[in-house]
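Have a look at the structure below before the remarks.
2 protein chains.
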Amino acid sequence: MDGSSFPIARSSLPDAAAERLRTLIIEGGLLPGAKLNERELCERLGVSRTPLREAFRMLAADGLLVQLPNRGAQVVALSSDDVRDGFEVMAALEGLAGELAVARVTDADIADLRALQAEMETAHAQHDLPAYYRINRAIHDRLNAIAGNAVLGQTYRTLNARLHALRFRSNLNRAKWDQAVAEHRSMLAALAARDGAALRDLLIRHLRAKQQAVLATMNNQDSEILLGGNEQ
Amino acid sequence: MDGSSFPIARSSLPDAAAERLRTLIIEGGLLPGAKLNERELCERLGVSRTPLREAFRMLAADGLLVQLPNRGAQVVALSSDDVRDGFEVMAALEGLAGELAVARVTDADIADLRALQAEMETAHAQHDLPAYYRINRAIHDRLNAIAGNAVLGQTYRTLNARLHALRFRSNLNRAKWDQAVAEHRSMLAALAARDGAALRDLLIRHLRAKQQAVLATMNNQDSEILLGGNEQ
DNA sequence: CACTTGCATTTTGTATACAATATGCCAAGC
DNA sequence: GCTTGGCATATTGTATACAAAATGCAAGTG
Numbered sequence: 001m002d003g004s005s006f007p008i009a010r011s012s013l014p015d016a017a018a019e020r021l022r023t024l025i026i027e028g029g030l031l032p033g034a035k036l037n038e039r040e041l042c043e044r045l046g047v048s049r050t051p052l053r054e055a056f057r058m059l060a061a062d063g064l065l066v067q068l069p070n071r072g073a074q075v076v077a078l079s080s081d082d083v084r085d086g087f088e089v090m091a092a093l094e095g096l097a098g099e100l101a102v103a104r105v106t107d108a109d110i111a112d113l114r115a116l117q118a119e120m121e122t123a124h125a126q127h128d129l130p131a132y133y134r135i136n137r138a139i140h141d142r143l144n145a146i147a148g149n150a151v152l153g154q155t156y157r158t159l160n161a162r163l164h165a166l167r168f169r170s171n172l173n174r175a176k177w178d179q180a181v182a183e184h185r186s187m188l189a190a191l192a193a194r195d196g197a198a199l200r201d202l203l204i205r206h207l208r209a210k211q212q213a214v215l216a217t218m219n220n221q222d223s224e225i226l227l228g229g230n231e232q
Numbered sequence: 233m234d235g236s237s238f239p240i241a242r243s244s245l246p247d248a249a250a251e252r253l254r255t256l257i258i259e260g261g262l263l264p265g266a267k268l269n270e271r272e273l274c275e276r277l278g279v280s281r282t283p284l285r286e287a288f289r290m291l292a293a294d295g296l297l298v299q300l301p302n303r304g305a306q307v308v309a310l311s312s313d314d315v316r317d318g319f320e321v322m323a324a325l326e327g328l329a330g331e332l333a334v335a336r337v338t339d340a341d342i343a344d345l346r347a348l349q350a351e352m353e354t355a356h357a358q359h360d361l362p363a364y365y366r367i368n369r370a371i372h373d374r375l376n377a378i379a380g381n382a383v384l385g386q387t388y389r390t391l392n393a394r395l396h397a398l399r400f401r402s403n404l405n406r407a408k409w410d411q412a413v414a415e416h417r418s419m420l421a422a423l424a425a426r427d428g429a430a431l432r433d434l435l436i437r438h439l440r441a442k443q444q445a446v447l448a449t450m451n452n453q454d455s456e457i458l459l460g461g462n463e464q
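Quick note, the sequences are listed as chains A and B, same order. Sequential numbering of the first sequence, starting at 1, is according to my numbering. Sequential numbering of the second sequence, starting at 233, is according to my numbering.
What follows is the structure, encoded as structure tokens:
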């Protein structure tokens, strides 16, 4: 919201620390459930406790950290219910993004998305999972940008970060992957046809499929997914 | 998210300060755009600057405050675009809440909601606007509770608080009010009939109507709505 | 041997001191 | 008269000191 005001000035010590921690959590440098020792983190980040604690509060508000009074902060460890609920909300948000995007999308946007889709198909053909995830994320971000709703974008990014802290990447079998790429193809077609309702439904189904895949992974923990319980 | 963990222990100085500030902002004790002086607020709340600043960070993450580096915090002043965007997201969230609620609602829930609806009709008949708003909010909160999605509830409450900081209450003419009450009647019927798609559509239309009303009020600023620009 | 109790240590919570930055005012110059 | 520079003041930013609480360990007790 807002963000429009002029004094562009991001950055302050707490913001920088929060950003650094956010990355650590999302990229897996800090695993779910890990306890965060203030003094130790202060040294690692080169800041004192005051700005670090402000960063903690920000991340806690984003749902990436849980703070227990007198017992410090730890990286959130999402329960199966949290994941189910989170993806349901994500599906609704992406559905909205699709509807809004249809109303504002330009031919140039579609050309860009087609290029991304082509990259995605290439990554898929070459079994390049990291590239696939990167492009996948770029496409979804692009769609949200086209939607042009700042509140939606903000909400989406926050929730996305929380779910990414799970590090559910590794879970993707061949069939699911093929399916996901095909879904993206349909989505692009719906967008090009300016069919908002269709795009919305496709996005919701797409997210529901992801939800199911992640939940399945969480339950049979034979995959490399890491959840809770691990002290740093 | 989460919140399920056992050590119930809410409350700490920063949490308490944040809660107090949140109330001040939403209830109008601090108007949009008001600059928040740390030392002064410290005295008013009886806390020192450290916990107050942590509270600032929490509220900023919720979008109730804007913090400018070296220039302090001020109550957010939503632009017309922010309001448009915010209500669009709210509509999507409430729509989801409706769909989920249908899948879980019990007869007892419906009885409760019918009672609330009756109260609402009474308040409407008696032109009791404050009571109407209170009951209206209770109904929407109840629906979200029935939906049973913690992430949705959290997201909903946060965004709701931000929009309520606008204090758009005063804007409701007779026709709009009648319409809103009628819509609530239809929504309750759809819920009782377990018609998720219908309830979803009704909720989205309901929210869109509210959006339009608020935007109209914002634009003709002859009403008593107060937006931005007012230093405390 | 399990369980409690008390102490030492660690860790978090809050206040405050000091530093850096911004703000407002007044005078000097154009 | 308007602008500009510089100083005094106020305000925010960060580090740190002290207080309070939790944690871990060891000794004592049933």
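Glycine included, each C-beta is placed from N, C-alpha and C at the ideal position. The structure displayed is predicted, hence computed values, not measured ones.
Local conformation of residue i per DSSP, three classes
| i | result |
| --- | --- |
| Ala73/A | strand |
| Leu180/B | It is not possible to answer for residue 180/B, since the shown part of chain B is limited to 233 through 464. |
| Arg426/B | coil |
| Gln67/A | strand |
| Leu310/B | coil |
| Leu41/A | helix |
| Pro130/A | helix |
| Leu202/A | helix |
| Leu328/B | helix |
| Leu268/B | strand |
| Phe400/B | coil |
| Asp109/A | helix |
| Asp62/A | coil |
| Gly385/B | helix |
| Ser186/A | helix |
| Asn452/B | coil |
| Asn405/B | coil |
Cutoff 8 Å: residue i Cβ touching any chain A Cβ
| i | result |
| --- | --- |
| Gly460/B | For Gly460/B, the predicted structure reports a pLDDT of 37, less than 50, and the residue's modelled location is therefore unreliable. A value from the coordinates is still provided. No, no contact with chain A. |
| Arg431/B | Before going on, a small fix: residue 431/B reads as Leu here, not Arg. Not one chain A Cβ lies under 8 Å of Leu431/B. |
| Arg366/B | no |
| Ala421/B | no |
| Gly428/B | no |
Under 8 Å from the C-beta of residue i: neighbouring residues of chain A
| i | result |
| --- | --- |
| Asn392/B | Chain A residues near Asn392/B: none, gap ~12 Å exceeds 8 Å. |
| Pro246/B | Arg57 |
| Thr387/B | Val89, Thr155, Leu159 |
Under 8 Å from the C-beta of residue i: neighbouring residues of chain B
| i | result |
| --- | --- |
| Ser48/A | Within 8 Å Cβ-Cβ: nothing; Ser48/A doesn't reach chain B, min ~12 Å. |
Neighbouring residues, chain A, relative to residue i (Cβ below 9 Å)
| i | result |
| --- | --- |
| Asn269/B | Simply none; closest approach about 18 Å. |
Reference residue i, options the options, closest by Cα
| i | options | result |
| --- | --- | --- |
| Leu447/B | Ala414/B, Leu404/B, Pro283/B, Leu434/B | Leu404/B |
| Ala363/B | Ala377/B, Leu348/B, Leu375/B | Leu348/B |
| Ala180/A | Leu202/A, Ala165/A, Leu166/A, Phe168/A | Leu202/A |
| Glu251/B | Glu275/B, Leu291/B, Arg336/B, Asp427/B | Leu291/B |
| Cys274/B | Leu253/B, Leu263/B, Gly260/B | Leu253/B |
| Arg394/B | Asp294/B, Ala424/B, Leu423/B, Asn368/B | Asp294/B |
| Ala422/B | Ala249/B, Ile342/B, Leu297/B | Ile342/B |
| Arg194/A | Leu207/A, Thr106/A, Ala138/A | Thr106/A |
| His127/A | Ala175/A, Leu143/A, Val47/A, Leu159/A | Ala175/A |
Cβ of residue i within 8 Å of any chain B Cβ
| i | result |
| --- | --- |
| Glu54/A | yes |
| Asn144/A | no |
| Ala96/A | Sequence check: residue 96/A is Leu here, not Ala. At least one chain B Cβ lies under 8 Å of Leu96/A. |
| Ala92/A | yes |
| Ile225/A | In this prediction, Ile225/A scores a pLDDT of 39, lower than 50, which makes its location untrustworthy; the coordinate-derived value is nonetheless stated afterwards. No, no contact with chain B. |
| Glu231/A | Bear in mind that a pLDDT of 32 at Glu231/A, under 50, signals an unreliable position, so the number given afterwards is only what the model happens to contain. Chain B, which has no Cβ nearer than 8 Å to the Cβ of Glu231/A, makes this no. |
Under 7 Å by beta carbon: chain B residues contacting residue i
| i | result |
| --- | --- |
| Ala61/A | Met290, Ala293, Asp294 |
Residue i beta carbon near the ligand GTP (any heavy atom closer than 7 Å)
| i | result |
| --- | --- |
| Thr387/B | In the structure on display, the ligand GTP does not appear, and there are no ligands present to speak of. |
Specify whether the stretch 200–214 of chain A and the stretch 72–91 of chain A touch according to this definition: at least 3 beta carbon pairs, one from each stretch, less than 8 Å apart. Touching, yes.
Three or more beta-carbon pairs under 8 Å between the stretch 298–318 of chain B and the stretch 143–150 of chain A, yes or no? Contact holds between the stretch 298–318 of chain B and the stretch 143–150 of chain A, because three or more Cβ pairs, one in each stretch, are under 8 Å apart.
Pairs of beta-carbons, one from the stretch 33–40 of chain A and one from the stretch 59–78 of chain A, closer than 8 Å: are there three or more? Counting C-beta pairs closer than 8 Å gives three or more between the stretch 33–40 of chain A and the stretch 59–78 of chain A, which meets the contact rule.
Contact the stretch 271–288 of chain B vs the stretch 414–433 of chain B: 3+ CB pairs below 8 Å: In short, these stretches do not touch, since the Cβ pair count stays below three.
Validate contact between the stretch 190–201 of chain A and the stretch 99–111 of chain A using beta carbons, cut 8 Å, 3 pairs: Contact holds: three or more Cβ-Cβ distances are below 8 Å.
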